[in-house]
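Numbering (the UniProt record's numbering), first residue to last: 1 to 568.
Remarks on the structure that follows.
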Amino acid sequence: MANGVTISDADTPFLGNVVEGSVDYKGRPVTRSKSGGWRSASFIIGVEVAERFAYYGIDSNLISYLTGPLGQSVASAAENVNVWSGTASLLPLLGAFIADSYLGRYRTIIISSVLYILGLGFLMLSTVLSSIHSDCQDTATCSPPKFQIIFFFFSLYLVAIGQGGHKPCVQAFGADQFDAQDPEERKAKSSFFNWWYFGMCGGLFMTLCILNYVQDNLSWGLGFGIPCIVMGLALVVFLLGSFTYRFRQSSDENNPFIRIGNVFINAARNWQTTTSAISVEQEVQGILPHEGSEQFKFLNKALLAPNGSKENGKICSIDEVEEAKAILRLIPIWTTCLVYAIVFSQLNTLFTKQGATMDRSLGSNFEVPAASLQSFISLSVVIFIPIYDRILVPFARAITGKLSGITMLQRIGTGIFLSILSMVVAAIIEKKRLQTALEHGLVDMPKATVPMSICWLIPQYILFGISNVFTMVGLQEFFYDQVPVELKSIGLSLYLSIFGTGSFLSSFLISVTENITGKDGQISWFSDNLNQAHLDYFYWVLAVLSTIAFTAYLYFSRSYIYNKSSSL
Numbered sequence: 001m002a003n004g005v006t007i008s009d010a011d012t013p014f015l016g017n018v019v020e021g022s023v024d025y026k027g028r029p030v031t032r033s034k035s036g037g038w039r040s041a042s043f044i045i046g047v048e049v050a051e052r053f054a055y056y057g058i059d060s061n062l063i064s065y066l067t068g069p070l071g072q073s074v075a076s077a078a079e080n081v082n083v084w085s086g087t088a089s090l091l092p093l094l095g096a097f098i099a100d101s102y103l104g105r106y107r108t109i110i111i112s113s114v115l116y117i118l119g120l121g122f123l124m125l126s127t128v129l130s131s132i133h134s135d136c137q138d139t140a141t142c143s144p145p146k147f148q149i150i151f152f153f154f155s156l157y158l159v160a161i162g163q164g165g166h167k168p169c170v171q172a173f174g175a176d177q178f179d180a181q182d183p184e185e186r187k188a189k190s191s192f193f194n195w196w197y198f199g200m201c202g203g204l205f206m207t208l209c210i211l212n213y214v215q216d217n218l219s220w221g222l223g224f225g226i227p228c229i230v231m232g233l234a235l236v237v238f239l240l241g242s243f244t245y246r247f248r249q250s251s252d253e254n255n256p257f258i259r260i261g262n263v264f265i266n267a268a269r270n271w272q273t274t275t276s277a278i279s280v281e282q283e284v285q286g287i288l289p290h291e292g293s294e295q296f297k298f299l300n301k302a303l304l305a306p307n308g309s310k311e312n313g314k315i316c317s318i319d320e321v322e323e324a325k326a327i328l329r330l331i332p333i334w335t336t337c338l339v340y341a342i343v344f345s346q347l348n349t350l351f352t353k354q355g356a357t358m359d360r361s362l363g364s365n366f367e368v369p370a371a372s373l374q375s376f377i378s379l380s381v382v383i384f385i386p387i388y389d390r391i392l393v394p395f396a397r398a399i400t401g402k403l404s405g406i407t408m409l410q411r412i413g414t415g416i417f418l419s420i421l422s423m424v425v426a427a428i429i430e431k432k433r434l435q436t437a438l439e440h441g442l443v444d445m446p447k448a449t450v451p452m453s454i455c456w457l458i459p460q461y462i463l464f465g466i467s468n469v470f471t472m473v474g475l476q477e478f479f480y481d482q483v484p485v486e487l488k489s490i491g492l493s494l495y496l497s498i499f500g501t502g503s504f505l506s507s508f509l510i511s512v513t514e515n516i517t518g519k520d521g522q523i524s525w526f527s528d529n530l531n532q533a534h535l536d537y538f539y540w541v542l543a544v545l546s547t548i549a550f551t552a553y554l555y556f557s558r559s560y561i562y563n564k565s566s567s568l
């Protein structure tokens with residue numbers, strides 16, 4: 001947004017304090033002391049708190065709305081939630097592509113925020129209209145009007161589209177406020193991802209404490225309307241920070257997608273090129289052997305023009321080849337984290353339905369909404385992140401000498417291991433819940449409350465919350481740090497796509513399991529009567545799959561080669 005702007009001498013700051021590669025909203029060079037850093041990041045983290053409040057205001061209790069007012073079965077509702085969550089997590093790939101290639105992050109955030117607000121408004125309207133026109137008092141015996149269902153899902157996916165542009169760009173824009181060339185700001189950038197997730201979970205915690213209660217006890221219209229108002233305020237806050245932001249200058253080089261694509265095309269054209277020819281070309285270009293030169297060696301063929309010719313413009317540079325290799329290195333890490341995302345999908349679907357069958361009373365007059373138990377994930381994150389950032393990281397830094405204490409991949413792996421423990425605990429607790437239902441003769445009474453406190457579920461939520469501090473934050477920093485500088489939004493959308501794909505895989509896994517275990521008149525593991533179902537078996541399956549994926553992750557992470565500019 002700074003192209004073509006003439007800068008006067010009066011507008012030119014002292015060069016020693018200028019942040020290279022960044023400009024202000026008018027296209028002028030920016031100084032370190034008057035722009036970016038935590039000053040700008042605080043605006044952006046505030047926007048993230050509001051956005052997560054709005055998003056989880058829909059996501060965390062969506063299964064209750066689908067099985068309640070919309071009258072869907074548990075299995076159908078869980079599949080719909082997973083499909084929507086998956087779509088919402090994959091759309092950032094499109095949003096990031098548009099931002100990195102055409103609009104820029106700032107404009108994309110504004111446009112997607114408007115779509116987001118519009119979708120939330122329509123969502124509120126769909127529930128209000130249904131309450132005005134519906135004469136049905138029992139959702140178990142009648143279905144809502146078809147128009148209401150269509151309008152509801154249209155609104156829901158409009159929210160997903162808005163989130164698809166908002167989510168990757170806001171976080172990348174926030175990280176852009178720190179200069180990686182400055183040692184202090186580089187250290188602050190690593191902390192930024194911790195505090196970003198802290199703010200995100202703060203928004204989620206408020207959602208679970210406030211919105212879930214409003215939705216379950218007061219009104220779904222109000223429960224969807226509050227997020228709409230909050231997102232409107234978030235847009236205002238974001239715009240107010242415009243005067244302090246640093247904007248990345250567009251590179252004069254080719255589009256990064258074209259550059260990386262040309263590497264694969266040239267390498268494919270030179271598939272018959274011998275290793276000796278590549279070695280000669282590397283010597284001519286003065287390229288010394290390095291750690292990454294032996295990995296994905298077939299891409300080194302892009303250093304030569306097709307058919308060995310020396311035509312200008314057809315030879316890829318070593319930097320372009322390294323960019324392509326950096327993208328390929330991400331694939332095994334991305335793939336082995338998918339099972340973690342499948343486990344993550346259970347938090348607001350099966351965990352919530354599991355809790356709804358248990359004793360949720362606090363005192364004589366208050367009943368805890370089942371979805372509110374997810375607040376223990378946020379609470380554990382809010383408590384543990386300051387401990388991690390202020391105590392564990394400095395301690396580990398003193399031992400390892402790394403700015404981040406431990407490597408990003410070590411951090412991610414620690415969280416995956418904790419998620420396995422979470423599923424083991426969940427399976428054991430669910431087995432106890434089923435045993436309690438059997439002992440009290442409640443197996444054939446699906447609406448009866450199992451006399452077992454919902455507090456039994458707290459350990460599995462806390463374990464997963466702590467695992468998020470390691471894996472979720474680690475994945476965010478990893479995918480931002482390990483992609484080319486022009487593709488930071490794409491990097492974060494790749495991180496989000498793990499959870500989108502995981503949601504779809506979770507939906508597929510539930511569907512297959514439902515068909516296998518429920519055939520020939522047998523009781524499905526996901527029976528609507530959870531006292532007859534076997535969620536514990538499904539949790540054990542996920543624990544085994546997670547262990548297999550974790551083993552593969554350890555193998556690939558040991559051989560991973562970090563980018564030269566990475567701070568680990």
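Cβ atoms here follow ideal geometry from the backbone N, Cα and C, with glycine treated the same way.
All figures in this text were calculated on a predicted structure; none of them were measured in a lab.
Query	Result
Reference residue 420, options 86, 383, 463, closest by Cα	463
Neighbourhood of residue 353 by C-beta, 7 angstroms cutoff - its chain only, sequence neighbours within 5 removed	63, 74, 530
Close-in-space but distant-in-sequence residues of the same chain around residue 334 (CB under 7 angstroms, 5 per side omitted)	494, 498
Three CB pairs or more closer than 8 angstroms across the segment 413-430 and the segment 460-477	yes
Helix, strand or coil at residue 3 [DSSP, three-state]	Here residue 3 scores only 39 on pLDDT, less than 50, and its place in the model is too uncertain to base an answer on.
Beta strand (DSSP E) segment containing residue 400, residue limits	It is not in any beta strand (DSSP E) - residue 400 instead sits in the alpha helix (DSSP H) that spans 393-400.
Enclosing alpha helix (DSSP H) for residue 200 [first to last residue]	183-206
Alpha-carbon to alpha-carbon, residue 68 and residue 48	30 angstroms
Whether residue 323 touches residue 259 by CB criterion (9 angstroms)	yes
Identified DSSP bridge partners for residue 358	450
Bridge-paired residues (DSSP) for residue 407	Its beta-bridge partners do not exist; DSSP assigns none.
Three-state class that DSSP yields for residue 105 in the structure shown	helix
Presumed contact (8 angstroms Cβ cut-off) between residue 571 and residue 82, rounded CB distance	Outside the shown range of the chain (1 to 568) lies residue 571, about which nothing can therefore be said.
CA-to-CA distance, residue 123 to residue 441, given in whole angstroms	41 angstroms
Residues sharing a beta bridge with residue 610, DSSP	There is no way to answer for residue 610, as the model of the chain reaches only from 1 to 568.
Per-residue DSSP class, three states only, for residue 248	strand
When 154, 129, 208, 112 are compared against residue 163, the one with the closest alpha-carbon	112
Residues that residue 236 bridges to, as DSSP identifies them	Answer is none; residue 236 lacks a bridge partner.
Sequence-distant residues of the same chain with beta carbon closer than 6 angstroms to residue 57, five excluded per side	207, 211, 227
Per-residue DSSP class, three states only, for residue 557	helix
Backbone secondary structure at residue 366 - three-state DSSP	strand
CB of residue 99 within 9 angstroms of CB of residue 165, strictly	yes
Straight-line Cα distance separating residue 518 from residue 263	50 angstroms
Any 3 or more C-beta pairs closer than 8 angstroms across the segment 395-411 and the segment 530-539	no
Cβ neighbour criterion (16 or more within 10 Å) applied to residue 181	exposed
C-beta atoms of residue 155 and residue 191 nearer than 9 angstroms	no
contact_flag[the segment 234-252, the segment 474-483] where n(CB pairs < 8 angstroms) is 3 or more	no
Contact belief for residue 535 with residue 350 at Cβ below 8 angstroms, rounded distance in angstroms	6 angstroms
From 510, 527, 496, residue whose alpha carbon lies closest to that of residue 96	496
Cβ distance (whole Å) where residue 25 is taken to contact residue 173 below 8 angstroms	That belief does not hold up - the Cβ atoms of residue 25 and residue 173 are roughly 12 angstroms apart, past 8 angstroms.
Local Cβ density within 10 Å of residue 552, reported as buried at 16 or more and exposed below that	exposed
Nearest-angstrom beta carbon gap, residue 378 and residue 201 [assumed within contact, 8 angstroms]	4 angstroms
Status (buried if at least 16 other CB within 10 Å, exposed otherwise) for residue 398	exposed
C-beta atoms of residue 502 and residue 87 nearer than 9 angstroms	no
Cutoff 8 angstroms; reference residue 595; Cβ partners in own chain excluding five residues on either side	Nothing can be reported for residue 595, as the shown portion of the chain is limited to 1 through 568.
Rounded C-alpha distance that separates residue 151 from residue 563	47 angstroms
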